[in-house]
Amino acid sequence: MIGPRNIASDINNNNNKMDEENLKEDSPKKPKLDGGKFPLSRWELIAAITVFFVFSTGLLSVYATMPSADYGNIKLPRSISDIRLLKDHLALYASDYPAQFILGYCSTYIFMQTFMIPGTIFMSLLAGALFGVIKGLILVVLNATAGASSCYFLSKMIGRPMVSWLWPEKLKMFHAEIGKRRDKLLNYMLFLRITPTLPNTFINLASPIVDIPFHVFFLATLVGLIPASYITVRAGLALGDLKSVRDLYDFKTVVVLLLIGSISIIPTFLKKKRTYE
Numbered sequence: 001m002i003g004p005r006n007i008a009s010d011i012n013n014n015n016n017k018m019d020e021e022n023l024k025e026d027s028p029k030k031p032k033l034d035g036g037k038f039p040l041s042r043w044e045l046i047a048a049i050t051v052f053f054v055f056s057t058g059l060l061s062v063y064a065t066m067p068s069a070d071y072g073n074i075k076l077p078r079s080i081s082d083i084r085l086l087k088d089h090l091a092l093y094a095s096d097y098p099a100q101f102i103l104g105y106c107s108t109y110i111f112m113q114t115f116m117i118p119g120t121i122f123m124s125l126l127a128g129a130l131f132g133v134i135k136g137l138i139l140v141v142l143n144a145t146a147g148a149s150s151c152y153f154l155s156k157m158i159g160r161p162m163v164s165w166l167w168p169e170k171l172k173m174f175h176a177e178i179g180k181r182r183d184k185l186l187n188y189m190l191f192l193r194i195t196p197t198l199p200n201t202f203i204n205l206a207s208p209i210v211d212i213p214f215h216v217f218f219l220a221t222l223v224g225l226i227p228a229s230y231i232t233v234r235a236g237l238a239l240g241d242l243k244s245v246r247d248l249y250d251f252k253t254v255v256v257l258l259l260i261g262s263i264s265i266i267p268t269f270l271k272k273k274r275t276y277e
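Take 1 as the starting number for the sequence shown in full-length UniProt numbering and just add one per residue.
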């Protein structure tokens with residue numbers, strides 16, 4: 001027998017369920033990250049493939065206009081031994097066709113940096129071996145900045161789901177740190193670029209997602225990459241002393257980079273101190 005008390009109880013239960021559903025609808029929805037599901041939609045994937053095709057076509061066009069060479073001895077460096085062999089083969093080519101070689105080198109470097117292809121550190125070593133410290137440093141910093149900027153805009157267009165899928169916790173942490181330092185954002189970005197605190201690939205991809213303005217990103221990249229690039233380019237002059245890439249960043253080198261990077265965030269600490277006083 002259904003009495004008034006049972007009917008009232010059913011009504012209350014239904015009301016409670018409706019309230020819970022309304023709360024779920026009103027609350028901000030967090031994206032579900034499925035480790036087994038590819039994060040890009042069909043149109044985002046098409047956009048990524050299109051951008052890659054355009055860049056690839058441009059790179060192939062540059063190669064097609066370069067003077068002929070013994071391509072059997074030229075390849076993308078993947079180890080210190082590759083650079084030693086390439087140095088001998090490319091030195092003569094670079095002296096005979098300097099403009100074409102620089103164009104090919106820059107196009108390759110920017111392409112690799114834009115699409116996060118590993119190996120730019122070997123390209124930096126090669127620049128030091130072929131052009132010396134000053135010319136090599138200028139070449140590497142400008143190319144690295146151009147490639148990082150291209151990666152920034154590529155991520156701004158389609159990078160959010162990919163970065164959220166690959167590094168959800170790191171992205172959340174980075175967003176929180178950026179939020180705390182909006183007033184001294186350039187100093188913090190310089191610190192990140194100079195020190196090995198976060199990988200450069202992650203910084204390039206995550207910066208537009210956490211709303212870092214491009215002018216701040218560009219300036220921090222241009223200036224912040226100089227110390228580490230100098231170390232790499234200078235090492236290119238002494239390839240015989242290098243056994244692996246790990247020799248570039250020993251404990252002493254990392255400490256020096258941290259000290260240089262710490263200088264960039266001193267204004268932030270001084271401002272905090274004045275605020276508390």
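Just so it is clear, CB atoms sit at the ideal spot from N, CA and C, and this is done for glycine as well.
| Check | Outcome |
| --- | --- |
| Segment contact flag, the stretch 156-168 with the stretch 127-140, C-beta cutoff 8 Å, min 3 pairs | no |
| Whole-angstrom distance between TRP43 and GLY104, CA atom to CA atom | 31 Å |
| Three-state secondary structure assigned by DSSP to PHE115 | coil |
| Pairwise C-alpha distance: ILE121 and PRO77 | 9 Å |
| Buried or exposed by the 16-neighbour rule on C-beta atoms within 10 Å, applied to THR197 | exposed |
| The stretch 236-245 in contact with the stretch 213-225 per 3-pair CB rule at 8 Å | no |
| Touch test, the stretch 247-264 against the stretch 178-191, Cβ-Cβ under 8 Å, three pairs minimum | yes |
| Spatial distance of PHE153 from TYR109 (CA atoms) | 17 Å |
| LEU87 (DSSP reduced to helix, strand or coil) | It is worth fixing the name first, because residue 87 is Lys in this sequence and not Leu. Three-state DSSP puts LYS87 in a helix. |
| Three or more C-beta pairs below 8 Å linking the stretch 175-186 and the stretch 198-215 | yes |
| Cutoff 8 Å; reference residue 288; Cβ partners in own chain excluding five residues on either side | For the chain, the structure presents residues 1 to 277; residue 288 sits outside this window and is missing. |
| Beta-carbon contacts of LEU257 that lie in its chain and below 7 Å, excluding the five residues immediately before and after | ILE194, THR195, PRO196, PRO227, ALA228 |
| Contact set for GLY119: own chain, Cβ-Cβ below 8 Å, skip 5 residues either direction | LEU76, PRO77, ARG78, MET112 |
| Start-to-end residues for the alpha helix (DSSP H) that takes in ILE49 | 42-65 |
| Other residues of its chain near GLN100: CB distance less than 7 Å, five sequence neighbours each side excluded | MET66, PRO67 |
| Nearest-angstrom Cα separation, counted from ALA64 out to ASP96 | 17 Å |
| Residue ranges of each alpha helix (DSSP H) within the UniProt domain "VTT" (117-236), 4 or longer | 120-166, 168-180, 185-194, 200-206, 214-224, 226-235 |
| Candidates ARG84, GLY179, LEU60, VAL233: closest to SER207 by CA position | GLY179 |
| Local Cβ density within 10 Å of LYS30, reported as buried at 16 or more and exposed below that | At LYS30 the pLDDT is 40, less than 50, meaning the model places this residue with poor confidence; the figure from the coordinates comes in the next sentence. Under this definition LYS30 is an exposed residue. |
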